[in-house]
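Novice:
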Amino acid sequence: MVSDRIAQVKRILDGVMDPELPFLTITELGMIQGCDLDDDGTVVIKLTPTYSGCPATDAIQDDIKSALQPVEQRFRIDIVHAPAWTTDWISPEAREKMRLNGIAPPEGSSADKAFLLGQSQTVPCPRCASSDTRLVSPFGSTACKAHYQCNACAEPFDHFKCF
Amino acid sequence: MADQEHEWILRLGDDALVLAQRLSEWCSHGPALEEDIALSNIALDLLGQARALLTLAGQREGRGRDEDALAYFRTDREFRNALLVELPNGHFGDTIVRQMLFDQFAVLRYEALASQLVDLELSAIATKALKEVRYHAAHSARWVVRLGDGTEESHRRVQESLNVLWPYTAELFEDDTVSQACAEAGVLPLNASFQERWTEHVKGILNEATLACPESSALLTGGRSGRHTEHLSFMLAEMQVLQRTYPGAEW
Chain U
1 MVSDRIAQVK RILDGVMDPE LPFLTITELG MIQGCDLDDD GTVVIKLTPT
51 YSGCPATDAI QDDIKSALQP VEQRFRIDIV HAPAWTTDWI SPEAREKMRL
101 NGIAPPEGSS ADKAFLLGQS QTVPCPRCAS SDTRLVSPFG STACKAHYQC
151 NACAEPFDHF KCF
Chain E
1001 MADQEHEWIL RLGDDALVLA QRLSEWCSHG PALEEDIALS NIALDLLGQA
1051 RALLTLAGQR EGRGRDEDAL AYFRTDREFR NALLVELPNG HFGDTIVRQM
1101 LFDQFAVLRY EALASQLVDL ELSAIATKAL KEVRYHAAHS ARWVVRLGDG
1151 TEESHRRVQE SLNVLWPYTA ELFEDDTVSQ ACAEAGVLPL NASFQERWTE
1201 HVKGILNEAT LACPESSALL TGGRSGRHTE HLSFMLAEMQ VLQRTYPGAE
1251 W
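Chains U and E are the protein sequences, given in the same order.
Sequence positions in the first sequence follow our numbering and run 1 to 163.
Sequence positions in the second sequence follow our numbering and run 1001 to 1251.
And the structure:
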């Protein structure tokens, strides 16, 4: 019975999309860090923000609430900061979906030396796959993205920063 | 210790909040679209850090104040940020030099906070913030080098920015009973312990930027005990007016 409730909540969470990347779920992005019952039978959902100031975090909480309310009334969303969210938690399938939607996914791991030293990485163009691309601006349309352009096909594109 | 820790967290939160508010003033006024977006993104990261830190400060204080109560219903004398972050934006060079000076400090402070095991809530916030401020630090350093080692005019102007801002940097490394108590508790080393590495990193950037490191021994201080420049009062008047007029308003 208990596991049924949790399983149902998890199923619903699996359908909540990220408002800025509407082709990816918050689960695929690694933002759900737990879903368990506490002592008084409340379902506690642990949500971790991608960036400290990501404005989507508030919108995501509202989306979770409206998705859950028809089937589950006793739940609570806790914002957790540890362990800190990392792009390493984004699955290979989710990275492929990013590429298909014109966003270059994070390359490699956040523990890579190049990332730690702030060196620029090769970011292949999501449109033509050329590795001849250039960084236009390290800050892009949302906190999680940088702005690139492809020198081969001239496509301007977002890169989901390795973080 | 509990009282002093709450004070200490307020200092961290207010540094982030006040600089976030300043940087957000650039939104739609940036020198280029990319930089407009960059400064707004940095402001947003800092605001997120401020929200987490002020929430924690309110919990530790135990008087029921949340992030909004602390941001909107304290007077200028109750803010604990360093003077450096409340100074007006000036021109883009002024803003980016201030950002570089602060970012280099923020990285060291968050590194120390992220690695301590005494206060795990604080280390969790710091671990996240550290990734963000490292990214900011790389950006502001690149700009200082580009402007310093740029044209004759850009060099002259950022050298002036540096000369004006430099006397405000010593405050970052000051210690008092609050920071001493935090150091004794093992939460954060003394501020003075960051100075040598900060100076080394900043001098490295200035050297690459062909800028001269000011020799000023002047010390402009007071922010940590609530003695601010008049600029903070004007900034808070704008930031707080809506909540002061319509307390609790949401939309």
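Note that CB positions come from ideal geometry on N, CA and C, so glycine has one too.
#1: Let me know if leucine 13 of chain U comes out buried or exposed under the rule of 16 or more other beta-carbons within 10 Å of its beta-carbon.
#2: Hey, quick one: how far does the beta strand (DSSP E) through valine 1107 of chain E stretch, first residue to last?
#3: Thinking C-alpha only, which one of E:Ile1125, E:Leu1010, E:Phe1105 and E:Glu1005 is nearest glutamate 1171 of chain E?
#4: Between the alpha carbons of phenylalanine 1102 of chain E and histidine 1136 of chain E, how many angstroms are there, rounded?
#5: Quick one: using the 10 Å Cβ neighbour count with 16 as the cut-off for buried, is glycine 1013 of chain E buried or exposed?
#6: Counting only runs that start and end within the stretch 1150-1208 of chain E, where is the alpha helix (DSSP H) found for 4 or more residues in a row?
#7: What whole-angstrom Cβ distance do leucine 1019 of chain E and leucine 1046 of chain E have, given they're in contact under 8 Å?
#8: From glutamate 1086 of chain E to alanine 1192 of chain E, what distance separates their C-alpha atoms?
#9: Excluding five sequence neighbours on each side, which residues of the same chain lie with their C-beta closer than 6 Å to the C-beta of threonine 50 of chain U?
#10: Is histidine 81 of chain U buried or exposed, if buried means 16 or more other CB atoms sit within 10 Å of its CB?
#11: Taking all protein chains shown into account, do 16 or more other C-beta atoms lie within 10 angstroms of the C-beta of tryptophan 1251 of chain E, making it buried, or fewer, making it exposed?
#12: Measuring alpha carbon to alpha carbon, tell me which of U:Leu100, U:Arg134 and U:Val9 ends up nearest cysteine 35 of chain U.
#13: Which residues bound the beta strand (DSSP E) around aspartate 36 of chain U?
#14: Could you name the residues of the same chain whose beta carbon sits closer than 8 Å to that of proline 19 of chain U, not counting the 5 residues immediately before and after it, in chain order?
#15: Would serine 131 of chain U pass as a contact of threonine 122 of chain U if the rule is Cβ separation under 8 Å?
#16: Assuming tyrosine 148 of chain U and arginine 127 of chain U form a contact by the criterion Cβ under 8 Å, report the distance between their Cβ atoms to the nearest whole angstrom.
#17: For serine 1140 of chain E, is the classification buried or exposed, using 16 other Cβ atoms within 10 angstroms of its Cβ as the cut-off for buried?
#18: On the three-pair Cβ rule with 8 Å, is the stretch 1065-1081 of chain E touching the stretch 1223-1232 of chain E?
#19: Residues of the stretch 70-100 of chain U in Cβ contact with chain E at a cutoff of 9 Å, in chain order, please.
#20: Please go through the stretch 66-153 of chain U and give each complete alpha helix (DSSP H) segment of 4 or more residues, from N-terminal end onward.
#21: Using a Cβ-Cβ distance cut-off of 8 Å, determine whether histidine 1201 of chain E contacts chain U.
#22: Determine the burial state of valine 1241 of chain E: buried for a count of at least 16 other Cβ atoms within 10 Å of its Cβ, exposed for fewer.
#23: Answer yes or no: do tryptophan 1026 of chain E and asparagine 1089 of chain E have a C-beta to C-beta separation smaller than 8 Å?
#24: Looking only at its own chain, which residues have a Cβ that is under 8 Å from the Cβ of glycine 1058 of chain E, when we skip the five neighbours before and after it?
#25: Can you tell me which of the three DSSP states threonine 25 of chain U falls into?
#26: Who are the Cβ neighbours of serine 1179 of chain E in its own chain at under 8 Å, not counting the five residues just before and after it?
#27: Could you have a look at leucine 47 of chain U and say whether DSSP puts it in helix, strand or coil?
#28: For a test of the three-state rule: what should DSSP assign to aspartate 1252 of chain E, helix, strand or coil?
#29: What are the boundary residues of the beta strand (DSSP E) that includes phenylalanine 1234 of chain E?
#30: Quick check: serine 52 of chain U and alanine 1129 of chain E, are their CB atoms within less than 8 Å of each other?
#31: What in chain E is Cβ-close to tyrosine 148 of chain U, meaning under 7 Å?
#32: Listed in chain order, which residues of the stretch 128-156 of chain U have Cβ atoms closer than 9 Å to some Cβ of chain E?
#33: On a CA-only basis, which of E:Ala1052, E:Leu1147 and E:Gly1148 is nearest serine 1123 of chain E? Give me that one, please.
#34: Identify every residue that forms a DSSP beta bridge with aspartate 158 of chain U.
#35: On the criterion of 16 or more Cβ atoms from any shown chain inside 10 Å, does tyrosine 1168 of chain E qualify as buried, or is it exposed?
#36: Measuring alpha carbon to alpha carbon, tell me which of E:Leu1117, E:Thr1127 and E:Gly1048 ends up nearest valine 1107 of chain E.
Specialist: Taking the geometry as given:
#1: As a working note, residue 13 of chain U is residue 13 in the first sequence. Buried.
#2: For this step, residue 1107 of chain E is matched to residue 107 along the second sequence. Run containing valine 1107 of chain E: none in the beta strand (DSSP E); it sits in the alpha helix (DSSP H), 1092-1115.
#3: The sequence position of residue 1171 of chain E within the second sequence is 171, counting from 1. Shortest Cα-Cα distance from glutamate 1171 of chain E to any of E:Ile1125, E:Leu1010, E:Phe1105 and E:Glu1005 involves E:Phe1105.
#4: As a working mapping, residue 1102 of chain E is identified with position 102 in the second sequence. As a working mapping, residue 1136 of chain E is identified with position 136 in the second sequence. Cα to Cα, the separation comes out at about 10 Å.
#5: Here residue 1013 of chain E refers to the residue found at position 13 of the second sequence. In summary, glycine 1013 of chain E is buried, with 16 or more beta-carbon neighbours lying within 10 Å of its beta-carbon over all protein chains present.
#6: Taken in chain order, the unbroken stretches of alpha helix (DSSP H) that lie wholly in the stretch 1150-1208 of chain E and span 4 residues or more are 1152-1165, 1177-1185 and 1195-1208.
#7: Looking up residue 1019 of chain E in the second sequence gives position 19. Looking up residue 1046 of chain E in the second sequence gives position 46. The Cβ separation is near 5 Å, so the contact holds.
#8: Against the second sequence, residue 1086 of chain E aligns to sequence position 86. Against the second sequence, residue 1192 of chain E aligns to sequence position 192. Cα to Cα, the separation comes out at about 21 Å.
#9: Your numbering for residue 50 of chain U matches position 50 in the first sequence. Here the set comprises Trp85 and Cys144.
#10: As a first step, residue 81 of chain U must be located in the first sequence, where it is residue number 81. That one is buried.
#11: Locating residue 1251 of chain E in the second sequence gives position 251, where the first residue counts as 1. Its Cβ having fewer than 16 others within 10 Å, tryptophan 1251 of chain E is exposed.
#12: Translated into positions along the first sequence, residue 35 of chain U becomes position 35. Of the residues U:Leu100, U:Arg134 and U:Val9, the one whose Cα lies closest to the Cα of cysteine 35 of chain U is U:Val9.
#13: For the purposes of this step, residue 36 of chain U is identified with residue 36 of the first sequence, where counting begins at 1. Secondary structure note for aspartate 36 of chain U: its beta strand (DSSP E) is the uninterrupted segment 32-37.
#14: Within the first sequence, residue 19 of chain U is the residue found at index 19, counting from 1. So the list reads Ala56, Ala59, Ile60 and Asp63, once near-sequence residues are dropped.
#15: Counting from 1 along the first sequence, the entry for residue 131 of chain U is found at position 131. Counting from 1 along the first sequence, the entry for residue 122 of chain U is found at position 122. Yes.
#16: If you number the first sequence from 1, residue 148 of chain U lands on position 148. If you number the first sequence from 1, residue 127 of chain U lands on position 127. 11 Å between Cβ atoms; not a contact.
#17: Within the second sequence, the letter at position 140 stands for residue 1140 of chain E. Serine 1140 of chain E should be labelled buried.
#18: The answer is yes - the stretch 1223-1232 of chain E touches the stretch 1065-1081 of chain E, with three or more Cβ pairs under 8 Å.
#19: Those residues of the stretch 70-100 of chain U that come within reach of chain E (Cβ to Cβ, closer than 9 Å) are Ile79, Val80, His81, Ala82, Pro83, Ala84, Trp85 and Thr86.
#20: You should have 92-100 and 113-116.
#21: Taking the second sequence and counting its residues from 1, the one referred to as residue 1201 of chain E is at position 201. Histidine 1201 of chain E is outside the set of residues whose beta carbon lies under 8 Å from a beta carbon in chain U.
#22: For the purposes of this step, residue 1241 of chain E is taken as the residue at position 241 of the second sequence. Exposed.
#23: Residue numbering aside, residue 1026 of chain E sits at position 26 when the second sequence is read from its first letter. Residue numbering aside, residue 1089 of chain E sits at position 89 when the second sequence is read from its first letter. Cβ atoms of tryptophan 1026 of chain E and asparagine 1089 of chain E: closer than 8 Å.
#24: Translated into the one-based positions of the second sequence, residue 1058 of chain E becomes position 58. The beta carbon of glycine 1058 of chain E sits closer than 8 Å to those of Gly1064, Arg1065, Asp1066, Glu1067, Ala1069 and Leu1070, all from its chain and outside the five residues before and after it, given in chain order.
#25: Against the first sequence, residue 25 of chain U aligns to sequence position 25. Residue state, collapsed to three classes: strand.
#26: Translated into the one-based positions of the second sequence, residue 1179 of chain E becomes position 179. Within the same chain, serine 1179 of chain E has close Cβ partners Trp1008, Leu1188, Leu1190 and Asn1191.
#27: In the first sequence, residue 47 of chain U corresponds to position 47, counting from 1. Strand, per DSSP.
#28: Chain E is shown from 1001 up to 1251; residue 1252 of chain E falls before or after that span and cannot be answered.
#29: Residue mapping note: residue 1234 of chain E aligns to position 234 of the second sequence, counting from 1. Note, phenylalanine 1234 of chain E: premise wrong, no beta strand (DSSP E); alpha helix (DSSP H) at 1230-1245.
#30: Sequence index remark: in the first sequence, residue 52 of chain U carries index 52 (1-based). Sequence index remark: in the second sequence, residue 1129 of chain E carries index 129 (1-based). A contact, by the Cβ cut-off of 8 Å.
#31: As a position in the first sequence, residue 148 of chain U is number 148, starting the count at 1. Within 7 Å Cβ-Cβ: nothing; tyrosine 148 of chain U doesn't reach chain E, min ~12 Å.
#32: The stretch 128-156 of chain U vs chain E, Cβ under 9 Å: Val136, Ser137, Pro138, Phe139, Gly140, Ser141, Thr142, Ala143 and His147.
#33: Looking up residue 1123 of chain E in the second sequence gives position 123. Ranking the options by Cα distance to serine 1123 of chain E, first place goes to E:Ala1052.
#34: Mapped onto the first sequence, residue 158 of chain U falls at position 158. Residue pairing of aspartate 158 of chain U in beta bridges, as defined by DSSP: U:Ile103 and U:His147.
#35: Position 168 of the second sequence holds residue 1168 of chain E. Per the 10 Å Cβ criterion, buried.
#36: The residue labelled residue 1107 of chain E in the question sits at position 107 within the second sequence. Distance from the Cα of valine 1107 of chain E is smallest, within the candidate group E:Leu1117, E:Thr1127 and E:Gly1048, for E:Thr1127.
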